[in-house]
Amino acid sequence: MPKKPPCPFIAEADQLRAAKEAIEGFAALWIGRLNLSHWSDITQKFHTGLCPETADCAARTFSDWKYKYATIEFYLGVMVNMEPQEQELVVVHELLHVVLNEMHGASDANLSEDDRAHEERVVTELTQAFLRIARG
Ligand SMILES: [Zn+2]
Numbered sequence: 006m007p008k009k010p011p012c013p014f015i016a017e018a019d020q021l022r023a024a025k026e027a028i029e030g031f032a033a034l035w036i037g038r039l040n041l042s043h044w045s046d047i048t049q050k051f052h053t054g055l056c057p058e059t060a061d062c063a064a065r066t067f068s069d070w071k072y073k074y075a076t077i078e079f080y081l082g083v084m085v086n087m088e089p090q091e092q093e094l095v096v097v098h099e100l101l102h103v104v105l106n107e108m109h110g111a112s113d114a115n116l117s118e119d120d121r122a123h124e125e126r127v128v129t130e131l132t133q134a135f136l137r138i139a140r141g
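The sequence shown begins at 6 in my numbering and counts up by one.
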């Protein structure tokens with residue numbers, strides 16, 4: 006007798022929960038490693054849907070360096086399909102946006118597209134460097 010396939014909704018919920026737990030673990034680890042523990046609040050929000058900006062966006066960060074508040078939104082619909090090393094990379098990348106937030110000056114409104122592109126490159130390079138050092 007063929008085995009009945011598992012309910013896709015239960016499997017999906019399990020996969021989303023596992024991805025959320027992995028991301029929370031990476032965030033706790035890297036908040037400490039990146040010396041962000043002294044921030045007032047770094048909130049992690051988890052969405053099961055896709056990012057409203059682009060469908061392949063895994064996460065995005067909103068920070069205010071003046072008050073040391075940040076919110077990182079993780080899109081589990083994208084991150085659930087990633088290997089743990091990729092999930093960790095996304096977490097480190099977003100936390101480095103928090104680290105660099107003070108470079109925005111008094112307001113994000115002052116940032117040009119060129120500034121944003123440079124920040125993305127710096128964050129990407131630092132992410133690779135930190136992960137290379139951490140992974141040996
Ligand atoms: Zn980025």
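Even glycine gets a Cβ: it sits at the ideal position worked out from N, Cα and C.
ask   = Can you list, in chain order, the residues of its chain whose CB lies under 6 Å from that of Phe51, leaving out five sequence neighbours each side?
value = Lys25, Phe79 and Leu81
task = Could you tell me which residues DSSP pairs with Ala75 in its beta bridges?
result = Ile47 and Ser68
task = Can you check DSSP and say which residues form a bridge with His52?
result = Tyr80
ask   = Would the beta-carbon of Glu58 be found less than 6 Å away from any heavy atom of ligand 1?
value = no
inquiry  = So the candidates are Ile47, Ser68, Leu101 and Ala32; which of them puts its Cα closest to the Cα of Thr132?
reply    = Leu101
inquiry  = Suppose you measure from the CA of Pro11 to the CA of Asp19; what does that come to, to the nearest Å?
reply    = Residue placement at Pro11 is poorly supported in this model, since its pLDDT is 48, which falls under 50; the coordinates still yield a value, given next. Whole-angstrom Cα-Cα distance: 11 Å.
query = So, helix, strand or coil for Glu118, using DSSP?
reply = helix
inquiry  = Quick check: is any heavy atom of ligand 1 less than 6 Å from the C-beta of Glu125?
reply    = yes
query = Comparing alpha-carbon positions, which option in Ala114, Val97, Ala122 and Tyr72 lies nearest Ala139?
reply = Val97
request  = Could you spell out the range, first to last residue, of the alpha helix (DSSP H) harbouring Ile109?
outcome  = The question names Ile, yet the displayed sequence has His at residue 109. First-last for His109: undefined, no H or E at that position.
request  = Check whether the Cβ atoms of Ala75 and Ile47 lie closer than 7 Å to each other.
outcome  = yes
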